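Chemist: Line by line, the protein sequences give chains A and B.
Each residue of the first sequence is one higher than the last, beginning at -7 in my numbering.
Each residue of the second sequence is one higher than the last, beginning at -7 in my numbering.
There are 2 protein chains.
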Amino acid sequence: MATEAPEHKKHRRAGGRERRDPKAKINGPAYISRNIPTYDVMGEENLLKIEATAERILAEVGLDIRDDDECLAMFKKAGAKVDGMRVTFEPGHVREILKTAPREFTQHARNPQRSVQIGGKNVVFAPSYGSPFVMDLDRGRRYGTLEDFQNFIKMAYACPWLHHSGGTVCEPTDVPVNKRHLDMVYAHMRYSDKAYMGSITSEERAEDSIEMSRILFGKDFVDQNCVILGNVNVNSPLLWDGTMTKSARAYARANQAAVIVPFILGGAMGPVTNAGAIAQAHAETMVGCAITQLERPGAPVIYGNFLSSMSLRSGSPTFGTPEPAIGSMVIGQLARRLNLPLRCAGSFTTSKLPDGQAMQESVMSMLSAIHCGANFILHSAGFLDGLLSMSYEKFMMDADFCGALHSYLGGVVVDDNTLAMDAFKEVTPGGHYLGSAHTMANYTTAFYDSSISDNTPFESWVEAGSTDSATRANTRWKTALADYEAPGMDVATDDALQDYVNRKKASMTDQWY
Amino acid sequence: MATEAPEHKKHRRAGGRERRDPKAKINGPAYISRNIPTYDVMGEENLLKIEATAERILAEVGLDIRDDDECLAMFKKAGAKVDGMRVTFEPGHVREILKTAPREFTQHARNPQRSVQIGGKNVVFAPSYGSPFVMDLDRGRRYGTLEDFQNFIKMAYACPWLHHSGGTVCEPTDVPVNKRHLDMVYAHMRYSDKAYMGSITSEERAEDSIEMSRILFGKDFVDQNCVILGNVNVNSPLLWDGTMTKSARAYARANQAAVIVPFILGGAMGPVTNAGAIAQAHAETMVGCAITQLERPGAPVIYGNFLSSMSLRSGSPTFGTPEPAIGSMVIGQLARRLNLPLRCAGSFTTSKLPDGQAMQESVMSMLSAIHCGANFILHSAGFLDGLLSMSYEKFMMDADFCGALHSYLGGVVVDDNTLAMDAFKEVTPGGHYLGSAHTMANYTTAFYDSSISDNTPFESWVEAGSTDSATRANTRWKTALADYEAPGMDVATDDALQDYVNRKKASMTDQWY
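1) B:L138 to A:P119, Cα distance in whole Å?
2) Going along chain A, which residues have a C-beta under 7 Å from B:L90?
3) Please state the DSSP three-state secondary structure of B:D491.
4) Please list the residues of the region 303 to 315 of chain B that have a C-beta atom closer than 9 Å to any C-beta atom in chain A, keeping them in chain order.
5) At least one CB of chain A closer than 8 Å to the CB of B:G423: is that the case?
6) With a cut-off of 8 Å, do at least 3 Cβ pairs link the region 151 to 161 of chain A to the region 389 to 403 of chain A?
7) Compare the C-beta of A:Q352 against all C-beta atoms of chain B and say whether one is closer than 8 Å.
8) Starting from B:E315 and walking both ways along the beta strand (DSSP E), at which residues does that stretch end?
9) What residue range is occupied by the uninterrupted alpha helix (DSSP H) comprising B:F213?
10) When the cut-off is 8 Å and only beta carbons count, does B:R329 lie next to chain A?
11) What is the C-beta distance between A:A93 and A:Q272, in whole angstroms, given that I count them as a contact (C-beta under 8 Å)?
12) Would you mind listing the alpha helix (DSSP H) stretches within the region 184 to 247 of chain B that are 4+ residues and don't spill past its ends, in chain order?
13) Using CA atoms only, rank isn't needed, just tell me which of A:R131, A:R134, A:V126 and A:R133 is closest to A:F144.
14) Relative to the C-alpha of B:L208, which candidate in B:L299, B:N227 and B:N103 has its C-alpha closest?
15) Here's the rule: buried if 16 or more other CB atoms are within 10 angstroms of the residue's CB, otherwise exposed. What is A:Q510?
16) Going by DSSP, name the residue or residues bridged to A:V86.
17) Per DSSP, which one or two residues make a beta bridge with A:R464?
18) Under 8 Å between the Cβ atoms of B:L332 and B:S301?
19) Do A:K344 and B:D446 have their CB atoms nearer than 8 Å?
20) Please state if the CB of A:I192 and the CB of A:G222 are separated by a distance shorter than 8 Å.
21) I believe A:I57 touches A:V79 by the beta-carbon criterion, under 8 Å. Please report the beta-carbon distance rounded to the nearest angstrom.
22) When you compare the CB positions of A:G378 and A:P449, do they come within less than 8 Å of one another, or not?
23) Taking Cβ-Cβ distances below 8 Å as the criterion, which residues of the region 237 to 265 of chain B are in contact with chain A?
24) Determine which residues of the region 219 to 232 of chain B have a Cβ less than 8 Å from any Cβ of chain A, and write them out in chain order.
25) Quick one: grab the DSSP three-state call for B:D166.
26) I need the straight-line Cα distance from A:A488 to A:H371, nearest angstrom please.
27) In chain order, what residues of the same chain lie with their CB nearer than 8 Å to the CB of A:V493, ignoring the 5 residues before and after it?
28) Pop quiz: A:A373 and A:D347 are said to be a contact at Cβ under 8 Å. What is the actual Cβ separation, rounded to whole angstroms?
29) Tell me A:T98's beta-bridge partners as DSSP assigns them.
30) I believe A:Y400 touches B:I42 by the beta-carbon criterion, under 8 Å. Please report the beta-carbon distance rounded to the nearest angstrom.
31) So the alpha helix (DSSP H) A:A275 belongs to, where does it begin and stop?
32) Within a Cβ cutoff of 6 Å, which residues of the same chain sit near A:E315, ignoring the five residues on either side of it in sequence?
33) Mind checking which residues open and close the beta strand (DSSP E) that includes A:L55?
34) Is the distance from the Cβ of B:A242 to the Cβ of B:E195 below 8 Å?
35) Are the C-beta of B:D347 and some C-beta of chain A separated by less than 8 Å?
36) Compare the beta carbon distance of B:G384 and B:W504 with 8 Å and say whether it is the shorter of the two.
This is the structure:
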């Protein structure tokens, strides 16, 4: 398909009632360009100490790369010291390697109006990623299926406040493990026109994801432009597994963006003290980003962060807690000092229900991502139970909060209209602004209008059934799915994608673990 | 009583099982000294424009002071232009008057270890203020009573994360309106040893509150030290009611601190655009603070803020929304430029239940107060239904979040221990930190341990009853009240306070409106 002329692709379309039309109005902004500064909580002296500790970790302790000899050879060639699978670096060496990474890049969506700009002042919201379970108020918790997976893609597509389709929005556990990625990538392409993520669970699956993107966007286009992200985890502390390095290299080789993410629960996979955990995360992330730059200098890459804490009574992971929230602010500063796009936090919680705890922890972690300057915010919607469940209701509640953040990131606009001097002269002391000319001229854009929050009088709320926000969200997701209309896709592309999926599936026996 | 020797007061004690002992360990910090900077979202140029607009409002529109001729005369004497009840000021004049106000001051508590420092880097949490209704999960919404009032004081006293007893924690609607303040102030004094607020609903009630404080602390002490706050509202837009100015002056006259708070719902009591609403709030607050400084130069005063928004579909007030959250950050910058202590936001919400909406909106507004540099945070716990209800459950949930904020405001500590270089050498790549010497040495203080959040595995959570956080909070407040032990108070002081209350009550007929 990659050799087909773009014109040819336009001739027929499949499924969706709406034709993909570059001029059609989209239902929300493609992404946010922030109008408020980042919140820099740490001073220069302490930042230098953390950076120096990261460099000492890389020089004096080093980092293991397991089962990827090519990667070890790459580092050796670049001048690192390699001893077995242990790699150590002279201070400053990794930073030097990172200089080829772009500060900002575009991830193209198949709807060009939906392409997202990652880096700089830009903020992109993507759904939660990786839960084996799904949950809703009607059916409770259960294993995720391909139908659930498709539902979350449809809901993200329909939501004006999510800019990105995400990746493994839930595990489709009814599909064999070795074939899931094909159905997942196809579903992102088919049921949404927003940008998406591909598989990283093996090099071959990463390459399948990229190959399917070549069918959708054209081979040459993909070689020159980023169209897919792969979220790659460090096996903290200080261990890179070959599965991950090979996937990261596959994305970089194809000029696609790896998101490099250590997952550190302080006290388990890193020091229990924030400063040390941050230094470790910085060391691990820098090395991961360096792998992509050695594989293909200039390939887009995202500096990721997934700092969290644990219950020191039970050893359980905790999310949305204050220490990682404030620690993430420092991570943001470190990423900016490397001129790398940043991925941070999201709507984290350990709650099992979309209740008060869930939203308290979610807002704490999401605002930390917003303030720390994160450019790509995975887990923006749906995260429940320490990432074990993807919640239909919380998805809608979180997405609504993402809407509020559009207003928040707009900051306080100061100009003659907003300063309202004329209004002060019109409405004298003790007067009322409701009917004033200034209010009339500005009210439609003044405040974010939540679709979940109830702000009616108590009596109206009782008459309407005394619902809590989770119950209202339950109604909202059902409406969103009922109203869903697929974006159009031309039949030739769709056929080619399905053909690829079917051929690959036929070539393998099912694996369930 | 003010003439009694302090020694005499110690001889007997009433009620409480615990003796007031200045050396007794208190159950939480007296207040927080923040270790993270404020979040300054607006640049110099725009701040100057907002300040200039506030000055223009004061010069070109002016502000009305209704029913307080003494206050008008004070302003006239100070050089303002007074025309009827309209006061206008030359640009810069009000700022000049404010120069006598202290940048920071101590509000003394009757337990000296509980005295709070207001201003500078300090943060003080006080419960919500002013709800006519109370609510709990068992009995639903009902009018507040004196018993509810006392309960919330007891809960705030028992809570390690609330530093202050607050003021009208709920309206005790079973007590006549003209006598409520006596029971309220007595309850703060008797059931807590934390600092508290007095009445502002009339000059006489303000003076009663102060007079009772003289009984508790001694007359001379009160003249030289702040022991009580009064929360005084502007009748926005640009109108100061005499009831409020007289109360503010009563506090200042006695060297006690007025909190000066405009309550602006953008589009109703001020412009619908943030910049204008902020300029108006700034003008109103500056004038209120100036009243205290003209009454008694050097009297402590707090620059307050209660910016909020409204639903432009229904006209209902909205709380915890993004626009006031970001606007408050600017208010913080303006207050600091005047060198005044700041009161901002709190745990706002319009939700009728302690649900997801409630905590999402609460955290949004509370973090805005934290980031904007608020020194005194009223409405930290219990706020529900746009301030119409004080919720027992939300009180516990919010207070628990105040605990989390203690860790958050501690920032990221950077030293040899927290950087953990030894730990990196002990735990090699791929190892585990759980049993490491560094974890053992640091784990008890590493992470905030929430008493409400559930972070157990799903199965344990199901076994424990599948509770949501509101249900757990319901258990917590009952335990808090059951375990409550009153702080000791010497009998002579208690008798004198009760005598004052009884004499004042006997001197008036009941008024119910």
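Where a beta carbon is used, it is the ideal one built from N, C-alpha and C, also for glycine.
Predicted, not measured: the structure shown is a model, and the values here were computed from it.
Modeler: Taking the coordinates as given:
1) Position 146 of the second sequence, counted from the start, is the residue given in the question as residue 138 of chain B. Position 127 of the first sequence, counted from the start, is the residue given in the question as residue 119 of chain A. Rounded to whole angstroms, B:L138 to A:P119 spans 48 Å at the Cα level.
2) Locating residue 90 of chain B in the second sequence gives position 98, counting from the first residue. By Cβ distance, chain A contributes nothing, its closest Cβ being about 21 Å from B:L90, past 7 Å.
3) On the second sequence, position 499 is the one that residue 491 of chain B refers to. Correct three-state label for B:D491: helix.
4) S303, L304, R305, S306, G307, S308, P309, T310, F311, G312, T313, P314 and E315
5) Position 431 of the second sequence holds residue 423 of chain B. Chain A contact via Cβ: present.
6) The count of Cβ pairs closer than 8 Å, one atom from the region 151 to 161 of chain A and one from the region 389 to 403 of chain A, reaches three, so the stretches are in contact.
7) The count along the first sequence starts at 1 and reaches residue 352 of chain A at position 360. Chain B places a beta carbon closer than 8 Å to that of A:Q352, counting this residue as a contact.
8) As a working note, residue 315 of chain B is residue 323 in the second sequence. No beta strand (DSSP E) holds B:E315; the alpha helix (DSSP H) holding it covers P314 to R329.
9) If you number the second sequence from 1, residue 213 of chain B lands on position 221. B:F213 -> alpha helix (DSSP H) spans K211 to Q216.
10) The residue labelled residue 329 of chain B in the question sits at position 337 within the second sequence. Judged by the 8 Å Cβ criterion, B:R329 is not in contact with chain A.
11) To locate residue 93 of chain A, count along the first sequence from 1; it is residue 101. To locate residue 272 of chain A, count along the first sequence from 1; it is residue 280. In this structure A:A93 does not touch A:Q272 by the C-beta definition: roughly 21 Å separates them, more than the 8 Å allowed.
12) As far as the region 184 to 247 of chain B is concerned, its whole alpha helix (DSSP H) runs of at least 4 residues are 195 to 209, 211 to 216 and 234 to 245.
13) Stepping through the first sequence from its first residue, residue 144 of chain A is reached at position 152. When only C-alpha atoms are compared, the closest one is A:V126.
14) Position 216 of the second sequence, counted from the start, is the residue given in the question as residue 208 of chain B. Considering only alpha carbons, the answer is B:N103.
15) It is not possible to answer for residue 510 of chain A, since the shown part of chain A is limited to -7 through 505.
16) Position 94 of the first sequence, counted from the start, is the residue given in the question as residue 86 of chain A. A:V86 pairs with nothing; no bridge assigned.
17) Numbered from 1 along the first sequence, position 472 holds the residue referred to as residue 464 of chain A. For A:R464, which the question treats as bridged, DSSP gives no partner whatsoever.
18) For this step, residue 332 of chain B is matched to residue 340 along the second sequence. For this step, residue 301 of chain B is matched to residue 309 along the second sequence. Contact: no.
19) Residue mapping note: residue 344 of chain A aligns to position 352 of the first sequence, counting from 1. Residue mapping note: residue 446 of chain B aligns to position 454 of the second sequence, counting from 1. Yes, Cβ-Cβ distance for A:K344 and B:D446 is below 8 Å.
20) Reading the first sequence from its first residue, position 230 is the one you call residue 222 of chain A. Reading the first sequence from its first residue, position 200 is the one you call residue 192 of chain A. Taking a C-beta distance under 8 Å as the contact criterion, A:G222 and A:I192 qualify as a contact pair.
21) Position 65 of the first sequence, counted from the start, is the residue given in the question as residue 57 of chain A. Position 87 of the first sequence, counted from the start, is the residue given in the question as residue 79 of chain A. Confirmed, Cβ separation roughly 6 Å.
22) Translated into the one-based positions of the first sequence, residue 378 of chain A becomes position 386. Translated into the one-based positions of the first sequence, residue 449 of chain A becomes position 457. No, these two residues do not count as a Cβ contact at 8 Å.
23) G258, G259, A260, M261, G262, P263, V264 and T265
24) N227, P229, L230 and L231
25) Position 174 of the second sequence, counted from the first residue, corresponds to residue 166 of chain B. Reduced to three states, the DSSP call for B:D166 is coil.
26) Mapped onto the first sequence, residue 488 of chain A falls at position 496. Mapped onto the first sequence, residue 371 of chain A falls at position 379. The C-alpha of A:A488 lies about 31 Å from the C-alpha of A:H371.
27) Reading the first sequence from its first residue, position 501 is the one you call residue 493 of chain A. Cβ neighbours of A:V493 beyond the five flanking positions: L174, D175, Y178 and M204.
28) The residue you call residue 373 of chain A lines up with position 381 of the first sequence. The residue you call residue 347 of chain A lines up with position 355 of the first sequence. Taking the Cβ atoms as the reference, A:A373 lies roughly 16 Å from A:D347, outside the contact range of under 8 Å.
29) To locate residue 98 of chain A, count along the first sequence from 1; it is residue 106. Beta-bridge analysis with DSSP links A:T98 to A:Q109.
30) The count along the first sequence starts at 1 and reaches residue 400 of chain A at position 408. The count along the second sequence starts at 1 and reaches residue 42 of chain B at position 50. Wrong, their Cβ atoms sit about 18 Å apart, outside the cutoff.
31) The residue you call residue 275 of chain A lines up with position 283 of the first sequence. Note, A:A275: alpha helix (DSSP H), N266 to E287.
32) Translated into the one-based positions of the first sequence, residue 315 of chain A becomes position 323. Correct list, in chain order: N266 and S301.
33) Walking along the first sequence from the start, residue 55 of chain A turns up at place 63. Bounds of the beta strand (DSSP E) holding A:L55 are L55 to R58.
34) Position 250 of the second sequence, counted from the first residue, corresponds to residue 242 of chain B. Position 203 of the second sequence, counted from the first residue, corresponds to residue 195 of chain B. Yes, they are a contact pair.
35) Here residue 347 of chain B refers to the residue found at position 355 when the second sequence is read from its first residue. Among the residues facing chain A, B:D347 is included, as its CB has a counterpart in that chain under 8 Å away.
36) As a working mapping, residue 384 of chain B is identified with position 392 in the second sequence. As a working mapping, residue 504 of chain B is identified with position 512 in the second sequence. Before going further, note that residue 384 of chain B is Tyr rather than Gly in the sequence given. No, these two residues do not count as a Cβ contact at 8 Å.
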